[in-house]
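Colleague:
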Amino acid sequence: MNDLHQLKRTPFHPRTSVLCLPQNWRRWAGHIAVGSYDLGLEREYWAIRNHAALIDVSPLMKYLIEGPDAARLLDRLTPRNIAKLAVGQVYYTGWCDEEGKLLDDGTITRLGEQSFRLTSAEPSLRWLHMNAFGMDVAISEHTERMAALSLQGPKSRAILNRVCATPVDGIKFFRMAPNTLAGKPVTISRTGYTGDLGYELWMDAADALPVWDALIAGGNDFGITPCGILAMDMARVEAGLFMLDVDYTAATHAWIEGQKSSPYEMGLGWTVALDKPGYFVGRRALEREAREGSAWKMVGLEVDWEGLERVFGAVGLPPQIPAMAVRGSLPVRKDGQQVGYASTSTWSPVLKKYIALVHLQRPHYEPGTRVEIEITVEHHRRYAPGTVVALPFYEPEWKRK
Amino acid sequence: MAAANYDAIIIGAGHNGLIAGAYLARAGKKVLVLERRDIVGGAAVTEEIFPGYRFTEFSYVVSLLRPEIIRDLELPKHGLKILPLPSTVTPLDNGDYLAGWDDHDLTRRELYRHSPRDAEAADEYSRVMARAAKAIKPVLGLVPPDPSSLSWRDLRGLLKLGQYGASLGEKEIYRIAKLVTQSSADLLDEWFEFDPLKGTKSASGIIGTFLGPRSPGTAYVLLHHYMGEIDGAFRAWGFAKNGTGGVTAAIASSARALGVEIRTGAAVANVIVRGGRACGVALENGDEYSAQVVMSAADPKRTFLQFVGRQHLPDELVTAVQNFRVRGSSGKVNIALSELPQFTCLPGEGPLHRGAISISPSIDYIERAYDEAKYGQFSKQPYIDMVIPSMIDRDMAPPGHHVMSCFVQYAPYDIEGGWDDAKRDAFGEAVISTIERYAPNIRRAIVGKQVITPKDIERIAGITGGNIFHGELLLHQLFFLRPAPQWADFRTPPPGYYFGASGAHPGGGVMGAAGKLAAHEILKDWR
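Written out as structure tokens, the structure is:
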């Protein structure tokens, strides 16, 4: 059958497709990805927060970067100090263009002294090659060759300890170790996109199904639950994690300057190692921004429930909040003047709060600032008050333990 | 003799007592909460009865916990998580089942299998009920005004209530008038024809009352179940992480963070009244604590008849409280299981195991169960509402094992000849053999079981009569009549002595409104 006019399927498709009974599919990096396995998102969401959610994250772009100059390439490409990245360690980072504006973000795993895996949301091969000019390095794209699963939730460790050849207790936050699962080699990193205890499993695409089956069988007693990307979307907002082309526009996708964002503006100042030696892409612009301060910043907004009750109560309704993350821009104002916007907003089931990732102009991004967010009440635009907070909104004590 | 001085002492660390304490501390008061048992929680406790198996011993779901309490006391920060309980499945005698899901298309599809007429009526029924619930809900947050009083406060309250009543449409008022007087059987007969559907829906009208589905007044209790639905995304209804003990643990943690002192193993003997005013409490061990105000979060009988001398109360009030109906009508069977119960109607592990499982094949079945209770027997074939907490929260049982919570009605407090071990065993056996008819592997799977009669509820949780609501939700025991006429505003005759628990307005369930409202009245009087 010729399916060249269809989106790609992940290596887990034979399992996920029979479970995705509501046929709720979404697009993700040229693949179809399960939106949700249930009609509602609650069960999958609570699996992330109370048990363990199994999420197919194979569409993530994956690159293998090897050779004597591999570390040098990544050090040049990203604002992080790759010299400090130990073998078996993972860095999260964004990377910029020469103007210090974000192109993409992802993780860098040091698999060996001269071997790294880079994940990204967007195709990056051309950018990698451009920056590798004159370097002794081999860059290969592994997206389809490699399957990836994210196991997220407080029971994820217990499940992996049950099904893996080696216990995972020793894997610290943002570290990685090789393991064997269902007789297949996997690498397991303690990473994720939910802000909970969680791991990501990387394996050869040919081994995907036996690994999935072993996890489901071994995890049942711990409440393992296949989970789509919509429930993960709620969790990642709670965790204060942003998404490319939703919460920021890649500099290469922007039509106008104003659409671009810097790492500082996105709250990634901690990833910019201005103390590292030598050139890296965007260094000069980032140095300037560090000196002069950012015009914008992405922070959290917690909307007052009383305020919601007031604006909805005015028409005789209880607050109507969609029970999922909404990727839509909403104006945010202060004293009647617009001072920014929300890029993603969601109901937080664990916090029982309506929260949003908001982008605010200086000085309104300071925690504690009172602002108002637009809310539609019976077809009328209204504003509900809220407070600016530091991210993340939610971080359980067991996330880093 | 302990001598520490407090602003307020709360008797009882159930959810209402803890909530009242937390609100008082939030207002800057120095608060002591005294609990008779060695653990906090009252009837909302989770206990490890068998090693590794944690039971939500009494109360097992969170229904109407007030959103503003969750917010004000920052309960999510203190560990409160309310997990979804997405379905109700009723196994039928013909080997089929009736399911209700939290998705209206799924429910309608299921109902079509049994009765297209009911399937099409169900949507309208739930809209009508939800609207009536929405109309009544604001009343729950009011301090009931006394209609016989001419005080400014009561008049203002009545005015508010009158204004609110006038804001409702005429049809809505008729609907509500009918709902509060009807039996749930009559209400359901107006809408539906399929017996198991009527049986299952009627069950929520009898929970915690000593009435059958054909008794007038039970339709109102049905309405209570729609209150949670109006919360929408807020979801105040479900199964709490770590059981209902998880709710009270979160409230206790919040209260402590606000500065509340909680003492367990401190049974109160009486409230000390001097010069006509409450000024402290005396414990059974002889310790005394003084405070400016005392609030009882115990049941009305203990609050009015045990903690204070009769000389401090008007005779009318004493008589009213003596006649307050607290007939316990339900029991619990908590079971530790080595495997999931396999229901013949839906074999294998499935979504039904994550929701409620209801033994309620018809209204007749439940009414017959009530007949036995009326004459002092427990039901041989009772109504049972089962939940498998370990399927909703895996921390409730060891991996691969399970706990099952069975709410059972009817088990009268005043059983003929009184409760004893043999009767308790026979009651437990009646429950197991009823379940066995639908899930034959149940007996083999039992690792341990705890049978709780209303007498046990009284003994363990300290609720007189063992009624789960501290007093039945009967029309003549609600709003300005709860717990007694003229004393529904959380005050009692001796100044400085207050009452805020399930036996006060607006009634029971893990709702917390009584504790919160009482705290507000206490603070009002403080000025």
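Chains as they are written, first to last, in our numbering: chain E, 7 to 407; chain Y, 124 to 650. Heads up, the beta-carbon is just placed ideally off N, CA and C, and yes, glycines get one too.
1) Taking the straight line between their C-alpha atoms, what separation do you get for Y/E490 and Y/R160?
2) CB Y/A553 to CB Y/F501, shorter than 8 Å?
3) Cβ atoms of Y/G451 and Y/Y577: under 8 Å apart, would you say?
4) Going along the chain, which residues of its own chain have a beta-carbon closer than 8 Å to the beta-carbon of Y/R425, five neighbours each way excluded?
5) Which word fits Y/A125, buried or exposed, when buried means at least 16 other C-beta atoms lie within 10 angstroms of its C-beta?
6) Contact defined as beta carbons within less than 8 Å: I believe E/L70 pairs with E/S146. What is the distance between those atoms, to the nearest angstrom?
7) Counting only runs that start and end within the region 138-203 of chain E, where is the beta strand (DSSP E) found for 3 or more residues in a row?
8) Near E/H135, what residues of its chain come up, given a Cβ to Cβ distance below 7 Å and the 5 sequence neighbours on each side ignored?
9) Taking E/M141 as the reference, give the member of E/D219, E/L280, E/G73 and E/Q344 with the closest Cα.
10) Would you mind sorting Y/L282 into buried or exposed? The rule is 16 or more other CB atoms within 10 Å of its CB.
11) Closest by CA to E/V394, which one among E/E401, E/T382, E/A362 and E/W404?
12) Just list the residues that DSSP pairs E/H385 with in beta bridges.
13) With a threshold of 8 Å between beta-carbons, can Y/G516 be considered close to chain E, or not?
14) For the alpha helix (DSSP H) containing Y/K301, list its first residue and its last residue.
15) Taking just the CA atoms, how far does E/P28 sit from E/T255?
16) Could you compute how far the alpha carbon of Y/L652 sits from the alpha carbon of Y/V262?
17) Count the other CB atoms within 10 Å of the CB of Y/Q445; is the residue buried (16 or more) or exposed (fewer)?
18) Could you check the C-alpha separation between E/A76 and E/V345 for me, to the nearest Å?
19) Hey, E/T197 and E/V96: beta-carbon distance below 8 Å or not?
20) If we cut at 8 Å on Cβ distances, does Y/D225 have a partner in chain E?
21) At 8 Å on the CB atoms, spell out the chain E contacts of Y/G366, in chain order.
22) Closest Cβ-Cβ distance between E/G356 and chain Y: below 8 Å?
23) Mind pulling the chain Y residues with CB within less than 9 Å of E/F228?
24) Chain Y beta carbons: is any one of them nearer than 8 Å to that of E/L109?
25) Relative to chain Y, which residues along the region 48-66 of chain E have a C-beta separation below 8 Å, given in chain order?
26) Are the C-beta atoms of Y/L206 and some chain E residue less than 8 Å apart?
27) Compute the Euclidean distance between the alpha carbons of E/L117 and Y/I515, then round it to the nearest angstrom.
28) For the region 180-209 of chain Y, enumerate the residues whose C-beta is nearer than 9 Å to any C-beta of chain E, in chain order.
29) Count the C-beta pairs between the region 9-20 of chain E and the region 30-44 of chain E that are closer than 8 Å, then say yes if the count reaches three, no if not.
30) Roughly how many angstroms separate the alpha carbons of E/K407 and E/L203, rounded to a whole number?
31) For Y/I511, count neighbouring C-beta atoms within 10 Å of its own C-beta (all shown protein chains included) and say buried if the count is 16 or more, exposed if not.
32) Indicate whether at least one CB of chain E lies closer than 8 Å to the CB of Y/L229.
33) Within 8 Å, do at least three Cβ pairs link the region 42-54 of chain E to the region 237-250 of chain E?
34) Drop a sphere of 10 angstroms on the beta-carbon of E/K178, count the other beta-carbons inside from all chains shown, and report buried for 16 or more, exposed for fewer.
35) Between the region 25-46 of chain E and chain Y, which residues of the former have a C-beta closer than 8 Å to a C-beta of the latter?
Modeller: By the coordinates alone:
1) Taking the straight line from one Cα to the other gives about 36 Å.
2) Yes. Within cutoff.
3) Before going further, note that residue 577 of chain Y is Pro rather than Tyr in the sequence given. Yes.
4) Sequence-distant partners of Y/R425 (beyond 5 residues in either direction) whose C-beta falls short of 8 Å from its own C-beta, in its chain, are S419, G585 and T587.
5) Any answer about Y/A125 is weak, because its pLDDT of 49 lies below 50 and its placement is not dependable; what the coordinates show is given next. It counts as exposed.
6) Contact between E/L70 and E/S146 holds: CB atoms are separated by about 5 Å, below the 8 Å threshold.
7) Positions of the beta strand (DSSP E) runs, each at least 3 residues long and wholly inside the region 138-203 of chain E, are given as 144-147, 152-158, 182-187 and 190-195 in order along the chain.
8) Contacts found: I145.
9) E/M141 has its Cα closest to that of E/G73, out of E/D219, E/L280, E/G73 and E/Q344.
10) Exposed, by the Cβ-count rule.
11) The option with the nearest alpha carbon to E/V394 is E/A362.
12) Within the DSSP bridge table, the entry for E/H385 names no partner.
13) Reading off the sequence shown, one finds Asp at residue 516 of chain Y, where the question assumed Gly. For Y/D516, the answer is yes, since a Cβ of chain E falls inside 8 Å of its Cβ.
14) Where Y/K301 is concerned, the enclosing alpha helix (DSSP H) starts and stops at E293 to T304.
15) Cα to Cα, the separation comes out at about 31 Å.
16) This structure gives no information on residue 652 of chain Y, because the portion of chain Y shown stretches from 124 to 650.
17) Classification of Y/Q445: exposed, given that the 10 Å Cβ count is below 16.
18) Spanning the two alpha carbons is a distance of roughly 42 Å.
19) Cβ distance < 8 Å, so E/T197 and E/V96 count as in contact.
20) It does: the Cβ of Y/D225 has a partner Cβ on chain E nearer than 8 Å.
21) For Y/G366, there are no C-beta contacts with chain E under 8 Å, since the nearest C-beta of that chain is about 13 Å from it.
22) The sequence shown places Val at residue 356 of chain E, rather than the Gly named in the question. Interface with chain Y (8 Å Cβ-Cβ cutoff): E/V356 is included.
23) Listed along the chain, the chain Y residues whose CB falls inside 9 Å of the CB of E/F228 are R517 and P522.
24) Taking Cβ atoms only, chain Y never reaches closer than 8 Å to E/L109, which makes this a no.
25) Cβ contacts with chain Y: E48, R49, W52, R55, N56 and H57.
26) Interface annotation, Y/L206: in contact with chain E, CB-CB separation under 8 Å.
27) Those two C-alpha atoms are separated by around 38 Å.
28) For the region 180-209 of chain Y, which is checked against every Cβ of chain E, the residues closer than 9 Å are P190, E191, I193, R194, L198, P199, K200, L203, K204, I205, L206, P207 and P209.
29) The region 9-20 of chain E vs the region 30-44 of chain E: in contact.
30) Taking the straight line joining both Cα atoms gives about 8 Å.
31) That one is buried.
32) So yes, Y/L229 belongs to the interface.
33) Yes, they touch.
34) By the neighbour-count rule (16 or more Cβ atoms within 10 Å), E/K178 is not buried but exposed.
35) Of all residues in the region 25-46 of chain E, L45 and G46 have a Cβ within less than 8 Å of some Cβ in chain Y.
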